[in-house]
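Working notes, beginning with the structure itself.
2 protein chains.
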Amino acid sequence: MKELKEKILAEGVAIGTEIVKVDHFLNHRLDVKFLENVGKEFKKRFADCEINKVLTVEASGIAVASLTAMYFDYVPVVFAKKAAPSTMTEGFYVAEAKSFTKGTVSLLRVSERFIEKGDKVLIIDDFLAHGQASLALANIVEQAGAEVVGVGAVIEKGFQGGSERLRAAGHRVESLAVIDKIEEGRIIFK
Amino acid sequence: MKELKEKILAEGVAIGTEIVKVDHFLNHRLDVKFLENVGKEFKKRFADCEINKVLTVEASGIAVASLTAMYFDYVPVVFAKKAAPSTMTEGFYVAEAKSFTKGTVSLLRVSERFIEKGDKVLIIDDFLAHGQASLALANIVEQAGAEVVGVGAVIEKGFQGGSERLRAAGHRVESLAVIDKIEEGRIIFK
Numbered sequence: 003m004k005e006l007k008e009k010i011l012a013e014g015v016a017i018g019t020e021i022v023k024v025d026h027f028l029n030h031r032l033d034v035k036f037l038e039n040v041g042k043e044f045k046k047r048f049a050d051c052e053i054n055k056v057l058t059v060e061a062s063g064i065a066v067a068s069l070t071a072m073y074f075d076y077v078p079v080v081f082a083k084k085a086a087p088s089t090m091t092e093g094f095y096v097a098e099a100k101s102f103t104k105g106t107v108s109l110l111r112v113s114e115r116f117i118e119k120g121d122k123v124l125i126i127d128d129f130l131a132h133g134q135a136s137l138a139l140a141n142i143v144e145q146a147g148a149e150v151v152g153v154g155a156v157i158e159k160g161f162q163g164g165s166e167r168l169r170a171a172g173h174r175v176e177s178l179a180v181i182d183k184i185e186e187g188r189i190i191f192k
Numbered sequence: 003m004k005e006l007k008e009k010i011l012a013e014g015v016a017i018g019t020e021i022v023k024v025d026h027f028l029n030h031r032l033d034v035k036f037l038e039n040v041g042k043e044f045k046k047r048f049a050d051c052e053i054n055k056v057l058t059v060e061a062s063g064i065a066v067a068s069l070t071a072m073y074f075d076y077v078p079v080v081f082a083k084k085a086a087p088s089t090m091t092e093g094f095y096v097a098e099a100k101s102f103t104k105g106t107v108s109l110l111r112v113s114e115r116f117i118e119k120g121d122k123v124l125i126i127d128d129f130l131a132h133g134q135a136s137l138a139l140a141n142i143v144e145q146a147g148a149e150v151v152g153v154g155a156v157i158e159k160g161f162q163g164g165s166e167r168l169r170a171a172g173h174r175v176e177s178l179a180v181i182d183k184i185e186e187g188r189i190i191f192k
């Protein structure tokens, strides 16, 4: 997605060799008009698929997932929670996701009421790095007896192996911009 | 907002006398089409105001804030973070918010780059309870030398005093549904 790559180059900041900071439009400040275009692009990429639910993780995935769902006939969005809130009284599916950036392990939780057997689920996230979050979401979908139609990532850090891991697990992956490497403060796309 | 009240009665679950669980459309599963109508309603309520930024808190505020910003000419959305992420290297405004539901105190953080002097900020949140989150966001706006135009809440728990506290601090408050009390599993609107 050309517009996305231009935006990453214009507004993104490379930190070291592994981190790209895009908090100007994607995960702290949100450019909603631009995220609509991201949603449209996911629709184009998954146009051949039947999808009845979009699944993401709080917090950065929520805006992208919501604006993507608009282009899939407003199917429901579900976001996995990283902590068990006090109002989450019933059963939930849980899966472990390690964050290499933060050096933490999160338990992702989704209420059993919100993913149903037979659902056709599109997983959407802002970043695809090592693939841990998407694999955990896919695990939750499978626990529910539902089907992962595909995984859509806004930005993939191609050098961290996430898409290979997801494809090896049998998932279709569409990343709108794939970063090949980060070198001396420069972001180089595949 | 009639449609909202009907939705709360149809899909909300009262827990004890203080908690209303609306995770079916607002804070775990998201009904994006409905949240568009919420955004439209906020535009109607604040139609007389000049607004150039929408501010909320992760995670539940993000979808509502994004869909509200669409109706304010796609002004940028900024969401305050509850934890300092590893990619947040620069200075940030910080304010303390106590959550009575969770029994915790969060530090809300917003990068200094994203609220500017002179900004006219609409604060949006899913719930207005004791008002702690909105007061913390207003504090951040003021630290930045910007102006709080108003506070918009989807659901106000009228019996917890949040809107009184905000109005006492000089803020305009618009809540789309005000719950007067929760009694024997019944939700009663003002």
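Protein chains in written order, with this note's numbering: chain A, 3 to 192; chain B, 3 to 192. We put the beta carbon where it would ideally sit given N, CA and C, even for glycine. Just so you know, these numbers come straight off a predicted model, no measurement behind them.
Interface residue (Cβ-Cβ distance to chain A less than 8 Å): B/D25 is classified as such. For the pair of segments examined, the stretch 32–42 of chain B was found to touch the stretch 68–80 of chain B: the number of CB pairs separated by less than 8 Å reaches three.
Taking B/G187 as reference, the option from B/K4, B/H173 and B/A12 with the minimal CA-CA separation is B/A12. Residue pairing of A/S177 in beta bridges, as defined by DSSP: A/A155.
DSSP places B/T19 in no beta strand (DSSP E); its state is neither H nor E. Neighbourhood of A/I184 in chain B, by CB distance below 7 Å: empty, with the nearest CB roughly 13 Å away. The stretch 149–158 of chain B makes contact with the stretch 112–131 of chain B; the number of CB pairs closer than 8 Å reaches 3 or more. The alpha-carbon separation between B/V96 and A/G172 amounts to approximately 43 Å. Proximity of A/E118 to chain B, defined by a Cβ-Cβ separation below 8 Å, is not satisfied.
Taking a C-beta distance under 8 Å as the contact criterion, B/E20 and B/I184 qualify as a contact pair. DSSP places A/T103 outside both helix and strand once states are collapsed to three, so it counts as coil.
In this structure, DSSP gives A/L57 an extended state, which the three-state scheme calls strand. Annotation: the continuous beta strand (DSSP E) that includes B/F129 extends over K122 to L130. Chain B has no Cβ within less than 8 Å of the Cβ of A/L6. Under a criterion of Cβ atoms nearer than 7 Å, the residues of chain A adjacent to B/Y76 are, in order, V34 and K35. For B/F116, no beta strand (DSSP E) encloses it, and the DSSP letter there is neither H nor E.
For the stretch 32–65 of chain A, the residues whose beta carbon sits under 7 Å from a beta carbon of chain B are, in order, L32, D33, V34, K35, E60, A61, I64 and A65. The beta carbon of B/G18 sits closer than 8 Å to the beta carbons of I184 from its chain, once the five residues preceding and following it are set aside; these are given in chain order. Not flagged as an interface residue toward chain B: A/S108, since no C-beta distance is shorter than 8 Å.
Per the C-alpha coordinates, the member of B/T103, B/K84 and B/D25 positioned closest to B/V112 is B/K84. Residue range V79 to A82 is occupied by the beta strand (DSSP E) that includes B/V80, with no alpha helix (DSSP H) assigned at that position. Taking all protein chains in view, the Cβ of B/K4 is surrounded by fewer than 16 other Cβ atoms within 10 Å, so the residue is classified as exposed. When DSSP states are grouped into helix, strand and coil, A/K35 belongs to the helix group. Setting aside the 5 residues that flank it on each side, B/F27 is surrounded in the same chain by K9, E13, D33 and F36, each with a C-beta closer than 7 Å to its C-beta; the list follows chain order.
Proximity of B/S136 to chain A, defined by a Cβ-Cβ separation below 8 Å, is not satisfied. Annotated as distal: B/I157 and B/D182, with beta-carbon spacing of 8 Å or more. By the rule that beta-carbons nearer than 8 Å mark a contact, A/M72 touches chain B.
Just so you know, the alpha carbons of A/F116 and B/I126 end up roughly 25 Å apart. Chain B places a beta carbon closer than 8 Å to that of A/L69, counting this residue as a contact.
Cα atoms of A/F81 and A/A61: separation of roughly 8 Å, rounded to the nearest angstrom. Interface with chain B (8 Å Cβ-Cβ cutoff): A/K83 is included.
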